[in-house]
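Here's the structure we're looking at; comments come further down.
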Ligand code: AGP
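In our numbering, the protein residues as written are 470 to 1066.
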């Protein structure tokens, strides 16, 4: 999603703050960049398609300016082009925007009838033109913002310059994230705190329908026409200077972060006084709501609760859940899973559940993210800043938290037996012991080339192995662009097996003793049709089955197995993308946090 930065402060810092901020927001995914700043009494705008370096090459970093805004664009309306890149200007107003103006067409028509012309295809240009129109008709920027917000349908985080006011920036916020970084005689504005956390650890978060004026050493924030006080927060849990260290990309580094994260996570949550635990006994129903990999982690959570607690769990895509009839009440716990805590669909569901008075719990990585402020309970993933668009440590941390929730749940129901506690301690100890050596073992797949020139490949599994197949398939396709699908192993023969031809790669994940032989049969069906079969199974299940390749995974035990089993597929995806010389951390078309629906 789009990234926004703004700065007002020391004139020799502005260019560096803007470019540094945009660099730290690159992980969000983008196709063009731009900045605007006051210079010699004019607003100068520079915009470039492609990577941030294209912009850096044309920016004069020695320019002295006290005010500036910047943007990385992830196209929603209008193709990637310099014309559609932000900042956009109309009259006195120059702005950057993250979000979607849903009623842009009707607003554009109204403005065109007033004689205003447009040069881009974007909704943002319509927003800027409306701001300028209202300013020209009121000559008062705060009033103009109020009148603009009252006409917009959609989501927005906007930072803008008014040529008439050379000592402040303006902000408006609804649904898309926007934060102020509070410095000494300087103020930062950004979509997320990673853009300014190297300069200040104090910030405040704008909430929906808030807007205001930001100056060097103070700000005035309004809501519904009244000035409001904003609490200052301190940044915690965010390693601002997370860097790639010796790794060639963040994805590779973040996979190797997993062992340390898990160790700290289990230690933290085993201390029942370290966090607020729900009174689980009141809940007769659990619903898990998420997107993408977070949804896949929720699928593992479902398997854990149903297998060990004998308790049914529903898992829903947030993009579906938000528009369906929701069957939830005071005896329902809705668990939202989101690494960023800013995913638009997931947040919309959390707002709906909150409005219904239903209890909710967030499993989230970013401290103080929007989602973490919408739920009754928050379980932080404590995975540190995840910068690769393709989540790895985030997913693994989410699955680990579901093991923790299961243990807490069953303890309260008095069903967590001594045997289960022994299984938990033994499995955790084995997982933490073998995970690092195993990672190194999964750094070499001699058969990667056999995946690359195939029209598609498949991942199959049963129960939690099916949930793992979904995540393994997504990992591969999102970083390598190879077409990949995941199927319940028993489903392949109900249609999709028609796609299996000579050398079609089929990965079978079979770590579940109970269904191992069934999945083996499915593999033989594939083999009989010439498929290229890769079996991922436990060292304790491995037998002499005739397959093309094997990935052997240590048997840690069913409570923790999923956390172990996904690792070779996370590394496989990285190696395939590396072999294809792709931008592993910033895959095309993707964003780290999907803040639009
Ligand atoms: C995962 O690799 C993808 N980047 C994507 O599916 C992601 O999991 C999804 O967009 C949800 O993001 P969130 O966890 O920040 O809500």
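Glycine included, C-beta positions come from ideal geometry on N, C-alpha and C.
Judged by pairs of C-beta atoms under 8 Å, the region 1037-1053 touches the region 933-946, as three or more such pairs exist. Nearest Cα to residue 966 within the set 999, 780, 610, 948: 999. In this structure, residue 959 lies near residue 991, with their beta-carbon atoms less than 9 Å apart. Judged by their CB atoms, residue 1029 and residue 1004 are not nearer to each other than the 9 Å cut-off. Distance check between residue 596 and each of 562, 760, 539 places 562 closest, using alpha-carbon atoms only. Spanning the alpha carbons of residue 862 and residue 874 requires a straight line of approximately 18 Å. The DSSP-derived three-state label of residue 756 is strand.
According to the DSSP assignment, residue 737 belongs to the alpha helix (DSSP H) that extends over 719-739. Nearest Cα to residue 978 within the set 902, 1034, 525, 513: 1034.
Between ligand 1 and the CB of residue 944, the shortest heavy atom gap is smaller than 8 Å. Under the three-state reduction of DSSP output, residue 636 falls in the strand class.
Under the DSSP assignment, residue 671 falls outside any alpha helix (DSSP H), being part of the beta strand (DSSP E) whose first and last residues are 671-674. When DSSP states are grouped into helix, strand and coil, residue 517 belongs to the strand group. Beta-bridge annotation (DSSP): residue 801 is paired with 754. Within 8 Å of the C-beta of residue 760 there is at least one heavy atom belonging to ligand 1. Using a Cβ distance threshold of 9 Å, residue 537 and residue 499 do not count as a contacting pair. Between ligand 1 and residue 815, a heavy atom-to-CB distance of less than 8 Å is present. Of the other Cβ atoms in all chains shown, 16 or more fall within 10 Å of the Cβ of residue 961; this residue is therefore buried. DSSP places residue 818 inside the alpha helix (DSSP H), whose first and last residues are 813-824. Ligand 1 approaches residue 1059 closely enough that one of its heavy atoms is under 8 Å from the residue's Cβ.
Relative to the non-hydrogen atoms of ligand 1, the Cβ of residue 864 comes within a distance shorter than 8 Å of at least one. As the crow flies, the alpha-carbon of residue 886 is around 14 Å from that of residue 779. For residue 1032, the enclosing alpha helix (DSSP H) covers residues 1030-1034. Looking at the backbone, the Cα of residue 633 and that of residue 601 are separated by about 11 Å. As the crow flies, the alpha-carbon of residue 604 is around 6 Å from that of residue 610. Under the three-state reduction of DSSP output, residue 914 falls in the coil class, being neither helix nor strand.
The shortest C-alpha to C-alpha distance from residue 513 to any of 864, 769, 558, 551 is the one to 558. Of all C-beta pairs linking the region 802-810 to the region 839-859, three or more are shorter than 8 Å, placing the two stretches in contact. From the listed residues 569, 517, 522, the smallest Cα separation to residue 1066 is found for 569. Taking the Cβ atoms as the reference, residue 1023 lies roughly 5 Å from residue 903, within the contact range of under 8 Å.
Under the 8 Å Cβ criterion, the region 570-579 does not count as touching the region 636-653, having fewer than three qualifying pairs. Counting only runs of 3 or more residues that sit fully inside the region 509-553, the beta strand (DSSP E) segments are 511-518, 536-542, in chain order.
Annotation for residue 1006: the continuous beta strand (DSSP E) segment containing it runs 1001-1007. Taking the Cβ of residue 545 as the reference point, every heavy atom of ligand 1 lies at 8 Å or farther away. DSSP, read as helix, strand or coil, puts residue 871 in helix. Using a cutoff of 8 Å, the CB of residue 613 does not count as near ligand 1, since none of the ligand's heavy atoms is closer than that.
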